[in-house]
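The C-terminal residue of the sequence shown carries number 1941 in the working numbering, and the numbering is unbroken.
One structure is given here, and the rest of the page talks about it.
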Amino acid sequence: MGHFEKGQHALLNEGEENEMEIFGYRTQGCRKSLCLAGSIFSFGILPLVFYWRPAWHVWAHCVPCSLQEADTVLLRTTDEFQIYSWKKVIWIYLSALNSAFGLTPDHPLITDEEYIISRAIRKPDLKVRCIKVQKIRYVWNYLEGQFQKIGSLEDWLSSAKIHQKFGSGLTREEQEIRRLICGPNTIDVEVTPVWKLLIKEVLNPFYIFQLFSVCLWFSEDYKEYAFAIIIMSIISISLTVYDLREQSVKLHHLVESHNSITVSVCGRKAGVQELESHVLVPGDLLILTGNKVLMPCDAILIEGSCVVDEGLLTGESIPVTKTPLPKMDSSVPWKTQSEADYKRHVLFCGTEVIQAKAACSGTVRAVVLQTGFNTAKGDLVRSILYPKPMNFKLYRDAIRFLLCLVGTATIGMIYTLCVYVLSGEPPEEVVRKALDVITIAVPPALPAALTTGIIYAQRRLKKRGIFCISPQRINVCGQLNLVCFDKTGTLTRDGLDLWGVVSCDRNGFQEVHSFASGQAVPWGPVCAAMASCHSLILLDGTIQGDPLDLKMFEATTWEMAFSGDDFHIKGVPAHAMVVKPCRTASQVPVEGIAILHQFPFSSALQRMTVIVQEMGGDRLAFMKGAPERVASFCQPETVPTSFASELQIYTTQGFRVIALAYKKLENGHHTTALTRETVESDLIFLGLLILENRLKEETKPVLEELISAQIRTVMITGDNLQTAITVARKSGMVSESQKVILIEANETNGSSSASISWTLVEEKKHITYGNQDNYINIRDEVSDNGREGSYHFALTGKSFHVISQHFSSLLPKILINGTIFARMSPGQKSSLVEEFQKLDYFVGMCGDGANDCGALKMAHVGISLSEQEASVASPFTSKTPNIECVPHLIKEGRAALVTSFCMFKYMALYSMIQYVGVLLLYWETNSLSNYQFLFQDLAITTLIGVTTLRNHYSGRALWLKPVIPALWEAETGGSQVNLNGAYPKLVPFRPAGRLISPPLLLSVIFNILLSLAMHIAGFILVQRQPWYSMEIHSACTVQNESISELTMSPTAPEKMESNSAFTSFENTTIWFLGTINCIIVALVFSKGKPFRQPTYTNSALHSHPVEGLHCHHAQLEFHCVPCGRGGHY
């Protein structure tokens, strides 16, 4: 790129996943004119090169300049792929608003530079510079001198500022300015016109090379194969365009409902108006009324509460309660003002508001946070439209090898020029023969050969209920050597069964109340907590919500209803949720409990709290959550001294344990005035709720299969650490003979520095190391005969965070044997997957969709067991909700990868075999005839390539079909080939993952040398035969005689003026050896075990090549050939 001065280069989306470098350029008229002339004189080749290389287009047309002066920007991704693109800088003019609102440069909305929108307006001409990259609009901030994303509220805004600035809505002037600069609130995926798809497909370098080859073949009268290629290319392009069009239509239908929603918007002066959702701008005030409302944007809830179905984002259609953003005096950004997850205040685009509960004012209000493609749904759609490239090293290796073949072709061209020029051939014949070498040495199918293991793999996976939206990832599946699993719903059953409850009093824990007995929980604070501390809702007479909450509530046998009009409590809406004991219940002194306010559960907080009112009784607060977390909020004297040991008794048996606590509140306080910190303090510990979470039947066999294949298995869960360890042992992830070492890391606390301690779970022996030490002596902690893998590390999300911050050099050593990661937040799951990838693991992630979306996207291979819309973010989705899909994916991936490599080697060698043979014949100024080429290209190579090497393909490699027509034939049902599939057993090693690797290169080189030796030996030996004679024979000049009537005597090549044909023993020998060599190479490279089924199961391989040779036996003995592809029989 060269050196750029300050202001000419910057980072776009710094620190984000889609981070890019941006460079400023200014178009020069003289450069543009030169490029135009070059395009004309190169007959369109130069624009084609610029199309393939966007950076070259910019460098040729423009000169570097500052970003502020640039009219064109060059973008380069900062990841390993370094992909270039360029965009024109466009202007947005606000002058149109002058007449309507009297907008002038000194208008308060223009002069207020607190917000990005005002800083982006150039004074006094009132216009804005912007670029649009991957559907996101960026404006030039004149104050800070950089491009910034527009279409969302600023991150620095505090909650007080949001309430003050946007709590009453925007004025009409503000709305129009924001609408013009931010653009429409649409997630618009246009249906791409057929002509655009057609041009894009035709301009693929592969098809351009095909066009060159076809033109050359027509000039040589090689019509048959040229026509075959043209027909197959047309069919292939048509099918590709059809598929792309179908995908475009499907994605358009997926998002079009978002763009046509009517919403209620409150303006500062205009009041409430019904508007189309596409006119919404960040800062607009939405009024949410009624139920079943689809959110058209991301919005911050500032008043009232909502119950939302976030199935689109989390993969589970479990109602989530959203609470209003509290108005705090702090100037801290609203996202970080409390320890709770800010997302509990956000209504995300694409989610459905099931219920909107108004506060005392009678309305539910939300401020528009983000619009269009900036929203959560927009981000999901963009990840589909602009997927991260995969398998880059594989294709880079292919290009390198392709360049080697181009070098080989260049040598062949020089050789051909020398031979034919010295022989006195006409110039046009010399040029044709030289160009012919390129189409022989560089196989057009080579780039496509890498995807040939894909189509049928995807079909087989589909039959097993595994669906793929990113076909290229199937090859990556073949390289997986570590698979991460979520626990609940993935390794264990989805539903939790209540096993019992252990209450406690001043004397400690009481006896277990077992739910198996069928007796209801006796009345008391524990029963009240189970009946009210949940996020369940009543929708159309049905109780809906989290399965755990549902099981807990059902165990009380209570009922749920809305309060009547006579229900009046200060600060509580009239129709509050009320839980009541059923009529058959006895000895319950209260009529019911009204749920006044909720502090919802979040993975980060590991707890939820509710404020309730007993009918005619006290106002209480109940908390439930992770036992260690709940106990930390309780009065120490109320937590039994045997808490830790009691908890371990149940967690070691694999139970899931939830703790309960409560406190009394003063009745006089307004519920909304109580902060979470106030409510969640000085609680009284109530006891433990014990739930049973059993392993799925398929879990243990699958994990044993993976471990025996030396594929690491790792558990990442949000559950209790001890429960996770128990599940790991029961599932076989940790065997009985292996030790589990618990790692605990503590943050810096006052004068003490960060430290790590580890404990053998079985022996409870502690060893502690401070911050100055970054090693662990395993030998002292594991039995003397311990070997690598005889121990496993287990740690929590908190310890993982501390180690990442303070012991980063130690983290890789821990991850090498880290197997159990518990209490992990969604963000920590993604970070862990990324850390494993840094250790050169190929990481797979299997989860049920809830809280796993980030990790599923981050992993090389993400497998969602949820069929919700969120599975769009995961490359693979299994219809069967268990982990049996994982070994199937790995087997198909390995087979697809091996098939691709075999096809690559075969296509390369087929070209080299033909290349060597043709160059030998050129020595005699001879060549193969059109029909000899046709027989090798179509009847032998295509048939062999399809039946021998084509196993299963992971996605529609449609651009492959023009070169290997039978691939298309099989794809469309024309082929009756019976192909062998993946080998049913996973072996403890992986196939090669690189094209340029010693084993692969050596096999190709040795086969090329063998072919060269065979051809040279045949070429020389045939001339030394006693029947070989130099006498001229004019058999080929005999007119109107059949081939069988020709007298075949040994002759040397001799051109005949009548039809440019001659007889040649060398030609027949070279062709025969080349054809046999192709069959031998195909058999050698048709690998069976250990990644594919044995070769003998492929009946097509045994029958078709033999039949082909039998049918053409007479032709193999035919000596009369043309002098080149342009001759005639």
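C-beta atoms are modelled at their ideal positions from N, C-alpha and C, and glycine is treated no differently.
The Cβ-Cβ distance between Asp-1494 and Gln-1418 does not fall below 8 Å. By the 16-neighbour rule on beta-carbons within 10 angstroms, Thr-923 is exposed. Nearest to Ser-1520 by alpha-carbon distance, out of Pro-1906, Leu-1294 and Ser-1089, is Leu-1294. Arg-1802 is the residue among Ser-1547, Lys-1901, Arg-1802 and Val-1233 whose C-alpha sits nearest the C-alpha of Gln-1291. When Cys-1316, Ile-1266 and Ala-1373 are compared, the shortest CA-CA separation from Ser-1712 is found for Ile-1266. Going by beta carbons, Ala-1269 and Ala-1707 fall inside the 8 Å limit. In chain order, Pro-1624 place their CB closer than 8 Å to the CB of Lys-1650, counting only its own chain and leaving out the 5 sequence neighbours on each side. Secondary structure at Ser-1569: strand, using DSSP grouped into helix, strand and coil. Taken through DSSP and simplified to helix, strand or coil, Gln-976 comes out as helix. Counting C-beta atoms within 10 angstroms of its own C-beta, Val-1093 has 16 or more neighbours from the protein chains shown and is therefore classed as buried. The C-alpha of Asn-830 lies about 57 Å from the C-alpha of Gly-1428.
Annotation: the continuous alpha helix (DSSP H) that includes Gly-1639 extends over 1638-1650. The bridge partners DSSP lists for Met-1527 are Phe-1297 and Ile-1632. Around the beta carbon of Thr-1487, fewer than 16 other beta carbons lie within 10 angstroms, which makes this residue exposed. Arg-931 sits close to Asn-953, with the two beta carbons spaced by under 8 Å. With a 10 Å radius around the Cβ and a threshold of 16 neighbouring Cβ atoms, Leu-1215 comes out exposed.
Relative to the Cα of Ser-970, the nearest Cα in the group Ser-1150, Ala-822 and Thr-1004 belongs to Ser-1150. When the Cα atoms are used, Leu-1308 and Lys-1691 turn out to be separated by approximately 21 Å. Your pair Tyr-1727 and Ile-1252 checks out as a contact, with CB atoms roughly 5 Å apart and the cut at 8 Å.
Excluding its 5 nearest sequence neighbours in each direction, Gly-850 has C-beta neighbours in its own chain below 7 Å: Leu-858, listed in chain order. For the pair Lys-939 and Leu-906, the CB atoms are nearer than the 8 Å cut-off.
The beta carbon of Leu-1731 lies closer than 7 Å to those of Gly-1224 and Tyr-1227 in the same chain, with the five residues before and after it left out. Annotation for Met-1427: no beta strand (DSSP E) segment contains it, and DSSP assigns it neither H nor E.
Gly-1079: member of the beta strand (DSSP E) spanning 1074-1079, first to last residue. Here Lys-1703 has Ala-1794 as same chain residues with Cβ atoms under 6 Å from its own Cβ, once five neighbours each way along the sequence are excluded.
When the beta-carbon positions are compared, Pro-1283 and Leu-1498 stay at least 8 Å from each other. Contact check between the stretch 1088-1103 and the stretch 1173-1183: three or more CB pairs, one atom from each, fall below 8 Å, which counts as touching.
Excluding residues up to 5 positions away in sequence, nothing lies with its Cβ nearer than 6 Å to the Cβ of Tyr-1743 in the same chain. Its chain contains Ser-964 and Asp-1110 as the residues whose beta carbon lies nearer than 6 Å to that of Gln-1182, once the 5 sequence neighbours on both sides are disregarded; these appear in chain order. In the structure shown, Glu-1036 falls within a helical segment according to DSSP collapsed to helix, strand and coil. DSSP places Lys-1717 within a helical segment (H, G or I) once states are collapsed to three. In the three-state reduction of the DSSP assignment, Ser-1315 falls in the strand class. Excluding its 5 nearest sequence neighbours in each direction, Phe-1605 has C-beta neighbours in its own chain below 6 Å: Ile-1553, Ile-1555, Ile-1626, Asn-1629 and Gly-1630, listed in chain order. Taking 8 Å as the upper bound for CB-CB distance, Cys-1658 and Phe-1297 are in contact here, some 5 Å apart. When the beta-carbon positions are compared, Gly-836 and Gly-957 stay at least 8 Å from each other. Comparing alpha-carbon positions, the option among Cys-1078, Pro-1393, Lys-844 and Pro-1131 lying closest to Ala-872 turns out to be Lys-844.
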